[in-house]
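Heads up, the thing below is written out as C-alpha cells.
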Amino acid sequence: MGIFDGHGPRGHIVSHYIALQFPGVFASILRRKQKEQSLPLHGSLRNPKQKENITNCIKKALVETFLAVDEGEPVKSTGGSTASLAFYPGLGSIVYVANAGDSTTLIARYSKSKRSSTIVFQNRKHKPHLQDERERIERAGGQVMIPPSLLVEDGSTGGLKETSRLIIPDPKGGPFGGLALAMSRSIGDFDGKRVGLTAEPEVDAWDVNHHFSEEQILDSEWFVVTASDGVYDLLPPEIVVEYLGRSLYHDDQLSPLEACERVILESSRLWAKATIGMPYRDDITIGVSKINFVL
58 MGIFDGHGPR GHIVSHYIAL QFPGVFASIL RRKQKEQSLP LHGSLRNPKQ
108 KENITNCIKK ALVETFLAVD EGEPVKSTGG STASLAFYPG LGSIVYVANA
158 GDSTTLIARY SKSKRSSTIV FQNRKHKPHL QDERERIERA GGQVMIPPSL
208 LVEDGSTGGL KETSRLIIPD PKGGPFGGLA LAMSRSIGDF DGKRVGLTAE
258 PEVDAWDVNH HFSEEQILDS EWFVVTASDG VYDLLPPEIV VEYLGRSLYH
308 DDQLSPLEAC ERVILESSRL WAKATIGMPY RDDITIGVSK INFVL
C-alpha cells in the first residue's frame with residue numbers, strides 16, 4: 058500500500074503515473090531478482106538461513122523500482138510526487154517501508170489487552186535542511202533555503218510549521234528560480250535532479266521479532282497507515298493511529314473508511330482554522346491496511 062502526493066502544475070499526472078506503473082514494475086524487477094536466489098521467494102522467506110539475502114533482494118528491488126518509475130515518468134518538467142509505501146511479502150516477520158519525499162508511512166500495534174494503538178515505526182521525511190540531504194544538494198551545486206524557525210528550537214508543538222526548501226532554478230533562466238520544493242527527494246521534478254534532488258528512496262526493513270517478544274506478539278494486531286503531509290502538518294500521528302485502530306479492531310459503529318473520512322475532515326478543519334485570512338489546504342490523502350503476519 059502506498060501514497061503518491063503530487064505537486065507542481067503537472068504533479069497530478071506524475072502521481073497518477075506512479076500509481077498505475079509501480080506495482081507492475083516492482084513485480085517485474087522482483088521476479089528478475091528472484092532468479093538470482095537459490096530458492097523461490099516463498100522458499101527463501103521460510104528459510105532462516107536465507108533471511109538476510111531475501112531482505113537485501115527486496116530492498117534493492119524497491120530502490121530499482123523507484124528509479125525506474127522516475128526515469129519513465131512522462132512529465133519531465135514542472136511536476137513531481139512523493140512516494141511512500143509499505144510492502145509485506147505475505148510471509149515472515151518483516152515489513153518493508155520505502156519512502157522518497159515528505160509523506161509518511163507508519164506501522165502501528167494494537168494491543169488486545171489494553172485496547173489501544175501505538176506507533177512502532179515511522180519513516181523519515183526527506184527535508185532539504187537535514188544534514189545528509191543538504192550535503193548532497195550542495196555537492197550538486199544546489200541551494201537550500203532554511204527559515205529562521207528551523208534554526209532555533211522554540212519548543213512549540215502546535216500550528217503550521219515553516220519548512221526548508223530546495224531551490225530549483227528556472228530552466229528558462231528566469232531570475233527568481235523555478236520552484237522552491239519542500240522536500241529533497243521525489244519522483245519527477247526533472248529540473249531538480251541537476252541540483253541534488255533524487256528519486257532514490259530510503260528503504261527500511263522492520264522486523265517484528267526484533268522489537269517484540271512472543272507474548273507481546275500474541276497480544277497484538279498490526280496495521281499500516283500511509284498519509285500525505287496535509288494530514289500530519291496539523292494532526293498528531295498518535296491521534297490518527299489511535300482513531301484508526303479503534304475502527305479496525307473494536308468499534309463496531311465506525312468502519313475504517315468512515316474513520317479515514319473523519320480524519321480528512323478534521324485535518325481540513327484545522328487547515329481552515331490555521332489559515333484564516335489566507336485560506337489554503339494542502340492535499341490530504343490517507344490509507345490504512347491490516348498486516349497479518351504469517352510467522
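The numbering of the sequence shown is this note's numbering, which starts it at 58 and goes up by one.
Beta carbons are placed, not taken as given, at the ideal position from N, Cα and C, and that holds for glycine.
Computed from a predicted structure; not experimentally measured.
Check whether the Cβ atoms of residue i and residue j lie closer than 7 Å to each other.
i, j, result
"residue 352", "residue 168", "no"
"residue 148", "residue 186", "no"
"residue 285", "residue 170", "no"
"residue 71", "residue 137", "yes"
"residue 348", "residue 145", "yes"
"residue 287", "residue 199", "no"
"residue 143", "residue 320", "no"
"residue 61", "residue 76", "yes"
"residue 293", "residue 345", "no"
"residue 267", "residue 172", "no"
"residue 152", "residue 263", "yes"
For residue i, which three-state DSSP category applies?
i, result
"residue 347", "strand"
"residue 179", "strand"
"residue 67", "coil"
"residue 207", "helix"
"residue 198", "coil"
"residue 352", "coil"
"residue 172", "coil"
"residue 93", "coil"
"residue 163", "strand"
"residue 77", "helix"
"residue 212", "Note that residue 212 scores 48 on pLDDT, short of 50, meaning its location in the model is unreliable; the coordinates nonetheless yield the value given after this. Looking at residue 212 - three-state DSSP - the assignment turns out to be coil, as it is neither helix nor strand."
Considering only residues of the same chain and omitting the five flanking positions on each side of residue i, which have a CB-CB separation below 7 Å?
i, result
"residue 191", "185, 201"
"residue 295", "176"
"residue 131", "70, 74"
"residue 66", "135, 136"
"residue 249", "223, 225, 238"
"residue 133", "247"
"residue 316", "300, 301, 304"
"residue 96", "104, 107"
"residue 335", "none"
Residues in the same chain with beta-carbon distance under 6 Å from residue i, minus the five sequence neighbours each way, listed in chain order, please.
i, result
"residue 101", "94, 107, 111"
"residue 302", "167, 174"
"residue 87", "118"
"residue 63", "69, 71, 72, 138"
"residue 155", "119, 142, 258, 260"
"residue 311", "304"
"residue 90", "114, 118"
"residue 52", "Outside the displayed span of the chain (58 to 352) sits residue 52, for which this structure offers no information."
"residue 206", "219"
Give me, in chain order, the residues of the same chain whose beta-carbon lies closer than 8 Å to that of residue i; leave out the 5 immediate sequence neighbours on both sides.
i, result
"residue 298", "163, 165, 174, 175, 176, 282"
"residue 204", "219, 220, 221"
"residue 212", "Residue placement at residue 212 cannot be trusted, given a pLDDT of 48 that sits under 50; the coordinates are not used to answer."
Between residue i and the ligand ATP, is there a pair consisting of the residue's CB and a ligand heavy atom that are separated by less than 6 Å?
i, result
"residue 79", "Because no ligand of any kind appears in the structure shown, any question about the ligand ATP cannot be addressed here."
- request: Report yes or no: do three or more beta-carbon pairs, one from the segment 239-250 and one from the segment 126-135, lie closer than 8 Å?
  value: yes
Note to self: Runs of 4 residues minimum, wholly inside the segment 214-281: which ones carry the alpha helix (DSSP H) assignment?
What the structure shows: 265-268, 271-275
Query - Complete runs of the beta strand (DSSP E) confined to the segment 95-160 [at least 3 residues] - result: 140-144, 151-157
Answer yes if the segment 255-264 comes into contact with the segment 274-284, meaning at least three C-beta pairs across the two stretches below 8 Å, and no otherwise. no
- Message: Check whether the segment 220-227 and the segment 187-204 are in contact - that is, three or more C-beta pairs closer than 8 Å.
- Response: yes
### Query
Fully enclosed by the segment 298-349, which beta strand (DSSP E) runs are 3 residues long or longer?
343-348
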